[in-house]
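Peer 1: Residue 277 is where the sequence shown starts when you use the numbering used here, and the numbers rise one by one after that. Backbone N, C-alpha and C fix where the C-beta goes; we use that ideal spot for every residue, glycine too.
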Amino acid sequence: MIDHLSRVDGTRVLADLHALRAIGAYKTGVHKPTFSEPHIRSLQWLEQRLPEAGLTGEIDGIGNVLGISTKPGPKLLAGSHLESQNYAGWLDGPLGVVYALEAARVINRDPNMNGAVEVASWCDEEAHFGHFLGSRSYVGGVTEADIDAARDRNSGKSMRDALREAGLAGRARARCERGRHIGYLEAHIEQGETLESSGLGIGIVTSIVGIWQYRIAFTGEQNHAGTTRMAIRRDAGLALARFCVDIDDRFPAACGPRTVWTTGRITLDPGAPSIIPGAAEMLFQIRDDDPAVIARLEDLLRSMAAEVDKQGRCSVAVERIRTGAPAMMDISFQEAIEQASATFAGGRSLRMPSGAGHDAQTLATVMPAGMLFVPSIGGISHHWTENTADADIVTGAEVFVEACRRLLAR
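#1: For S625, count neighbouring Cβ atoms within 10 angstroms of its own Cβ and tell me buried if that reaches 16, exposed if not.
#2: Does DSSP classify L626 as helix, strand or coil?
#3: Tell me I562's beta-bridge partners as DSSP assigns them.
#4: Distance, Cα to Cα, R491 vs G468?
#5: Starting from the N-terminal side, write out each stretch of the beta strand (DSSP E) that is 3 residues or longer and does not extend beyond the region 448–497.
#6: Does P602 pass the burial test, meaning 16 or more other C-beta atoms within 10 Å, or should it be called exposed?
#7: Just to confirm the assignment: which complete beta strand (DSSP E) runs, minimum length 3, are found wholly within the region 372–444?
#8: Report back the beta-carbon spacing between V395 and A329 to the nearest angstrom; my notes put them in contact at under 8 Å.
#9: Three Cβ pairs or more, each shorter than 8 Å: is that satisfied between the region 564–572 and the region 580–587?
#10: Using a 10 Å radius around the Cβ and a threshold of 16 neighbouring Cβ atoms, would you call I484 buried or exposed?
#11: Taking the DSSP output, what are the residues bridged to D545?
#12: Would you report the Cα separation of N663 and Q587, rounded to the nearest angstrom?
#13: Does the region 292–310 come within contact of the region 353–368, defined as at least 3 CB pairs closer than 8 Å?
#14: Look at the Cβ atom of A632, then the Cβ atom of F609, and state whether they are nearer than 8 Å.
#15: Where are the alpha helix (DSSP H) runs, 4 residues long or more, that stay fully inside the region 286–345, in chain order?
#16: In terms of alpha-carbon separation, which member of I669, S652, A667, D668 lies closest to T661?
#17: Using beta-carbon positions only, say whether L331 and A380 come within less than 8 Å of one another.
#18: Taking the alpha helix (DSSP H) that R518 belongs to, which residues open and close that run?
#19: By DSSP, does V584 sit in helix, in strand, or in coil?
#20: Buried or exposed: which applies to C481, given that a residue is buried once 16 or more other Cβ atoms fall within 10 Å of its Cβ?
#21: For T495 versus C590, is the C-beta spacing smaller than 8 Å?
#22: Between E472 and S550, what straight-line distance do the alpha-carbon atoms span, to the nearest angstrom?
#23: So, helix, strand or coil for M643, using DSSP?
#24: Quick test of your reading: L296 and L358, contact by CB under 8 Å. State the CB separation rounded to the nearest angstrom.
#25: Following the continuous beta strand (DSSP E) through L352, name the residue where it begins and the one where it ends.
#26: Tell me, please, whether the region 506–514 touches the region 552–559 by the rule of three or more beta-carbon pairs shorter than 8 Å.
#27: Does the beta-carbon of H294 have 16 or more other beta-carbons within 10 angstroms, so that it is buried, or is it exposed?
#28: Whole angstroms are fine: how far does the CA of M558 sit from the CA of A507?
#29: Please return the same chain residues whose Cβ sits closer than 8 Å to the Cβ of Q320, not counting the five positions on each side in sequence.
#30: Tell me the residue span of the beta strand (DSSP E) that contains V592.
#31: With 16 as the cutoff for other CB atoms within 10 Å, does I465 come out buried or exposed?
#32: Just the C-alpha distance for L353 and R526, rounded to the nearest angstrom, thanks.
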């Protein structure tokens with residue numbers, strides 16, 4: 277019998293997602309950076325809908341929204357985020373918030389259901405001011421000094437100014453009440469092509485990768501591009517380019533089966549065509565769910581830098597600027613998603629790691645956590661063409677709500 281299990285309104289889920297898509301619309305996606313006017317309107321949209329799910333809540337002092345239930349019984353926390361990358365997709369974040377809202381509507385209003393789903397929208401998962409600021413604040417990992425120091429990565433605006441302009445200055449920040457929740461469940465688009473290419477409907481996340489980021493600085497000698505012989509140049513830009521190629525040549529022998537690495541930004545100083553760069557810098561990132569693999573690759577990175585130093589033309593400094601511990605998803609949450617998938621997705625599910633970071637890895641430091649993926653068309657994300665078929669969105673909502681039911685009924 278399925279009737280008593282699912283009262284998900286697929287039309288309502290799609291309407292909610294399209295309502296959020298219309299706020300800050302850009303082409304077929306959205307542009308709503310953290311604390312922008314479209315982001316704040318999206319938070320207000322959610323705040324206004326909490327009563328439909330038997331919840332109360334408001335935007336807190338860092339831009340989180342927490343919908344709280346007074347219904348007796350166990351509480352399950354669920355959600356995601358509502359800001360976006362710049363000129364990006366419409367489902368990255370909102371999908372998980374709307375699924376959580378739908379689960380709360382269905383479960384919290386069910387008199388035969390013990391317990392409740394509480395809804396969260398975490399601020400700045402997309403790291404405009406800092407990675408996972410909202411969820412880290414909730415678990416006690418963000419100080420007032422951290423907020424003082426935070427700056428928008430594009431404009432340089434201080435977070436304090438952004439909070440004031442958004443009308444959030446002086447508000448208290450919501451904090452986790454240890455023991456209140458049986459755990460945290462988050463849904464997200466896959467942001468890859470594994471599910472779609474395999475004809476699957478649901479991804480059951482087993483782990484979330486850790487993200488380590490580095491600033492690698494090369495120092496040579498600035499000089500005239502026309503009068504300095506090639507044999508005596510100390511070109512920091514050339515040293516950087518060779519280093520990038522060397523990484524791709526040498527990392528495969530030391531990496532794990534799912535390790536990825538990316539050089540995301542390169543800058544040359546002074547950056548003029550008639551001047552040999554005296555300095556160059558690259559921002560470099562490694563992702564894996566095994567800390568031992570990361571440690572091995574970092575050691576290799578530093579030994580490669582030492583080799584360049586020994587050559588004598590340029591010096592290299594490797595600075596680790598971000599460490600993100602990987603997180604394992606709770607096995608009982610994985611089982612609940614798998615059982616729900618058997619009922620509503622014909623068992624077309626796959627246990628898989630997440631190559632992207634998510635708020636669930638922050639919540640996993642204080643409570644059991646799980647994640648559910650739905651397919652991404654073409655594997656595209658962080659771009660305005662990001663999309664998922666309506667049928668996959670609705671199926672994902674049904675699986676998500678049923679997983680919530682099973683977790684609360686344990």
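Peer 2: Quick answer:
#1: buried
#2: The three-state secondary structure of L626, taken from DSSP, is strand.
#3: W488, W537
#4: 27 Å
#5: 457–465, 478–484, 486–495
#6: buried
#7: 392–397
#8: 7 Å
#9: no
#10: buried
#11: A555
#12: 49 Å
#13: Output reads yes: the region 353–368 touches the region 292–310.
#14: For A632 and F609, no; Cβs fall outside 8 Å.
#15: Within the region 286–345, the runs of alpha helix (DSSP H) at least 4 residues long that lie entirely inside it are, in chain order, 286–298, 313–325.
#16: Check the Cα spacing between T661 and each of I669, S652, A667, D668: the tightest is with S652.
#17: yes
#18: 512–526
#19: helix
#20: The sequence as given places Val at residue 481; Cys does not occur at that position. Buried, since its Cβ has 16 or more Cβ neighbours within 10 Å.
#21: yes
#22: Counting only the Cα atoms, S550 lies some 48 Å from E472.
#23: Residue state, collapsed to three classes: coil.
#24: At roughly 7 Å, the Cβ-Cβ gap stays under 8 Å, so L296 and L358 are in contact.
#25: 351–356
#26: yes
#27: exposed
#28: Taking the straight line from one Cα to the other gives about 25 Å.
#29: I335
#30: 591–599
#31: buried
#32: 43 Å
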